[in-house]
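Visitor: Note that our numbering has the sequence shown beginning at 37, numbered continuously upward.
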Amino acid sequence: MRVLEERDWVYTLSRQRGVGRKTLWAIYEEKRGFEPPYNLNWFEKREEDGKFLTSLTAKQVYEDKVERERKEIQFITYWDQEYPENLREIPDPPILLYYRGNLELLHKISIGVVGTRNPSAYGRDTCKMLVSGLAKSGMVIVSGVAKGIDTIAHQTALQHRAETIGVLGNGLDRIYPAQNRVLYTQMAQHGLLVSEYSEATAPRTVFFPERNRIISGLCWGTIVVEAAEKSGSLITARCALEQNREVFAIPGSIFAKGSEGTHSLIKEGAKLIGSLEDIIEELPYHLQATFQKKSVDTKAIDLSAGEIALLSSMQEKSLHIDEIRGKIAKEFQSDFHIFLLLLVGKGLVEEEAGQFYRRREV
Numbered sequence: 037m038r039v040l041e042e043r044d045w046v047y048t049l050s051r052q053r054g055v056g057r058k059t060l061w062a063i064y065e066e067k068r069g070f071e072p073p074y075n076l077n078w079f080e081k082r083e084e085d086g087k088f089l090t091s092l093t094a095k096q097v098y099e100d101k102v103e104r105e106r107k108e109i110q111f112i113t114y115w116d117q118e119y120p121e122n123l124r125e126i127p128d129p130p131i132l133l134y135y136r137g138n139l140e141l142l143h144k145i146s147i148g149v150v151g152t153r154n155p156s157a158y159g160r161d162t163c164k165m166l167v168s169g170l171a172k173s174g175m176v177i178v179s180g181v182a183k184g185i186d187t188i189a190h191q192t193a194l195q196h197r198a199e200t201i202g203v204l205g206n207g208l209d210r211i212y213p214a215q216n217r218v219l220y221t222q223m224a225q226h227g228l229l230v231s232e233y234s235e236a237t238a239p240r241t242v243f244f245p246e247r248n249r250i251i252s253g254l255c256w257g258t259i260v261v262e263a264a265e266k267s268g269s270l271i272t273a274r275c276a277l278e279q280n281r282e283v284f285a286i287p288g289s290i291f292a293k294g295s296e297g298t299h300s301l302i303k304e305g306a307k308l309i310g311s312l313e314d315i316i317e318e319l320p321y322h323l324q325a326t327f328q329k330k331s332v333d334t335k336a337i338d339l340s341a342g343e344i345a346l347l348s349s350m351q352e353k354s355l356h357i358d359e360i361r362g363k364i365a366k367e368f369q370s371d372f373h374i375f376l377l378l379l380v381g382k383g384l385v386e387e388e389a390g391q392f393y394r395r396r397e398v
């Protein structure tokens, strides 16, 4: 029998009925480890749960390890070197995270993007515009793989060959929502999926607020794109505040029910976002320098046809946004704001007051 590690005991314990992260933390606080015997006073549930734990053996943990490796189940624990420091700092960190994809993304500069499951056209366009700029400049985009804003954020990042992390409220073998099957596959191959729950765990309402603390915990800040007054994305924002992270909110129409939640956040002190620069200027200094370097580096890559068309239509004197839009071909009109934001992010276009822009000398 191969030597068992501490993480092997954590894995087996975490999968027992009646054993959640609070119990695991209680075991660790008392024993500073996870091998038996265990204190049955922790269990107020069924007697057999306690009996099972008293009989938990190295043989069983070893068998779980063999089965886990056969199924290629991957995970990290709080004590592993790969565990992200941002997540260690939150009040209630997950002890164990299952994952599929590129684990290195957990250690890069990341920002959360969340919002309603039923976005308006304004919400969809705003999400695409911001994520395009952030992703192109090197940010890792983190969201919850739910329908609506979450899905748009992940898809936009992938479309720009950028990096994105999805935090699930279910196990990695469960596709939820079912319509995101292709997105799941793309993210496992080109990004990262993580979950606090074992692979076969079905989604439950109670899991999503727990999932939200991980989204905000992985990031230096969270953007709420569009949210009604009782939207679940407000839970993510409040988790971010509790974790001493930045919170950004997109203003909408005073008549739009879907913006009532973001307006409430702004009243409570969230940073109002009107452009990509509003996010960049809130970055800590050392991260800001990294972000700006990425922006400069992206100038060396090829511009898209839309970016070229927009840049060609501009002059070094200031033009109003409506005048600029009127100069480009109809085929690029629908993504005009995205192209403009990308050019600003790359330092090729300068934004001025009153929605005026000018082409910069390079």
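Backbone N, C-alpha and C define an ideal beta-carbon position, used for all residues, glycine too.
Taking the beta strand (DSSP E) that Tyr393 belongs to, which residues open and close that run?
Guide: For the purposes of this step, residue 393 is taken as residue 357 along the sequence shown, with counting starting at 1. Note, Tyr393: beta strand (DSSP E), Phe392 to Arg395.
Visitor: How would you call Val242, buried or exposed, if buried means at least 16 neighbouring beta carbons within 10 angstroms?
Guide: By 1-based counting over the sequence shown, the position of residue 242 is 206. Per the 10 Å Cβ criterion, exposed.
Visitor: Where Asn138 and Gly288 are concerned, what is the direct C-alpha to C-alpha distance, given to the nearest angstrom?
Guide: Start at 1 with the first residue of the sequence shown, and residue 138 comes out as number 102. Start at 1 with the first residue of the sequence shown, and residue 288 comes out as number 252. Near 35 Å, if we compare the C-alpha coordinates of Gly288 and Asn138.
Visitor: Please go through the same chain and pick out, in chain order, the residues whose beta-carbon is closer than 6 Å to the beta-carbon of Ala72, but skip the five residues on each side of it.
Guide: Here residue 72 refers to the residue found at position 36 when the sequence shown is read from its first residue. In the sequence under discussion, the amino acid at residue 72 is Pro, which differs from the Ala named in the question. If we look at Pro72 and ignore the five residues flanking it on each side, its Cβ neighbours are Leu92.
Visitor: Hey, quick one: how far does the alpha helix (DSSP H) through Arg249 stretch, first residue to last?
Guide: Translated into the one-based positions of the sequence shown, residue 249 becomes position 213. Unbroken alpha helix (DSSP H) run through Arg249: Phe243 to Leu254.
Visitor: Can you tell which of Glu41, Cys163, Arg197 and Ala214 has the C-alpha that lies nearest to the C-alpha of Thr152?
Guide: Here residue 152 refers to the residue found at position 116 of the sequence shown. Taking only the C-alpha atoms, the option nearest Thr152 is Cys163.
Visitor: Around the C-beta of His143, are 16 or more other C-beta atoms found within 10 angstroms, so that it is buried, or is it exposed?
Guide: As a first step, residue 143 is located in the sequence shown; it is residue number 107 there, counting from the start. So His143 ends up on the exposed side.
Visitor: Tell me whether Pro127 is buried or exposed, calling it buried when 16 or more other Cβ atoms sit within 10 Å of its Cβ.
Guide: Taking the sequence shown and counting its residues from 1, one reaches residue 127 at position 91. Exposed.
Visitor: Return the Cβ separation of Leu208 and Tyr134 in integer angstroms, given the expectation that the two are a contact with Cβ distance under 8 Å.
Guide: What you label residue 208 is simply residue 172 of the sequence shown in a count that begins at 1. What you label residue 134 is simply residue 98 of the sequence shown in a count that begins at 1. That pair is a contact at about 6 Å.
Visitor: Here's the rule: buried if 16 or more other CB atoms are within 10 angstroms of the residue's CB, otherwise exposed. What is Asp358?
Guide: Within the sequence shown, residue 358 is the residue found at index 322, counting from 1. Answer is exposed; the Cβ neighbour count stays below 16.
Visitor: Quick check: what's the CA-CA separation for Ile374 versus Ile145?
Guide: As a first step, residue 374 must be located in the sequence shown, where it is residue number 338. As a first step, residue 145 must be located in the sequence shown, where it is residue number 109. So the two alpha carbons sit approximately 22 Å from each other.
Visitor: What number of angstroms, rounded off, separates the C-alpha of Met165 from the C-alpha of Leu277?
Guide: Your numbering for residue 165 matches position 129 in the sequence shown. Your numbering for residue 277 matches position 241 in the sequence shown. Straight-line Cα distance between these residues: approximately 25 Å.
Visitor: Using only the alpha-carbon positions, how far apart do Gly180 and Leu141 sit?
Guide: Translated into positions along the sequence shown, residue 180 becomes position 144. Translated into positions along the sequence shown, residue 141 becomes position 105. Gly180 and Leu141: Cα-Cα distance of roughly 15 Å.
Visitor: Is the CB-CB distance between Ala193 and Ile211 below 8 Å?
Guide: The residue labelled residue 193 in the question sits at position 157 within the sequence shown. The residue labelled residue 211 in the question sits at position 175 within the sequence shown. No. Outside cutoff.
Visitor: Please check the pair Val167 and Ala189, which I expect to be a contact at CB under 8 Å, by giving their CB distance rounded to whole angstroms.
Guide: Along the sequence shown, read from residue 1 onward, the residue named residue 167 stands at position 131. Along the sequence shown, read from residue 1 onward, the residue named residue 189 stands at position 153. At roughly 5 Å, the Cβ-Cβ gap stays under 8 Å, so Val167 and Ala189 are in contact.
Visitor: Hey, is the region 278 to 285 in contact with the region 298 to 308, meaning 3+ C-beta pairs nearer than 8 Å?
Guide: Enough Cβ pairs lie closer than 8 Å, so yes.
Visitor: Could you check the C-alpha separation between Ser234 and Arg57 for me, to the nearest Å?
Guide: Along the sequence shown, one-based indexing puts residue 234 at 198. Along the sequence shown, one-based indexing puts residue 57 at 21. So the two alpha carbons sit approximately 13 Å from each other.
Visitor: Spatial neighbours of Cys404 within its chain, please: CB distance less than 6 Å, with the 5 preceding and 5 following residues excluded, ordered by chain position.
Guide: Only positions 37 to 398 of the chain appear in this structure, which leaves residue 404 out of reach.
Visitor: How would you write the range of the alpha helix (DSSP H) that Ser380 sits in, first residue to last?
Guide: For the purposes of this step, residue 380 is identified with residue 344 of the sequence shown, where counting begins at 1. Reading the sequence as shown, one finds Val at residue 380 and not Ser. Val380 -> alpha helix (DSSP H) spans Phe372 to Gly381.
Visitor: Tell me the start and end of each unbroken beta strand (DSSP E) in the region 165 to 190 that is at least 3 residues and wholly inside, in chain order.
Guide: List check, beta strand (DSSP E) in window: 176 to 179.
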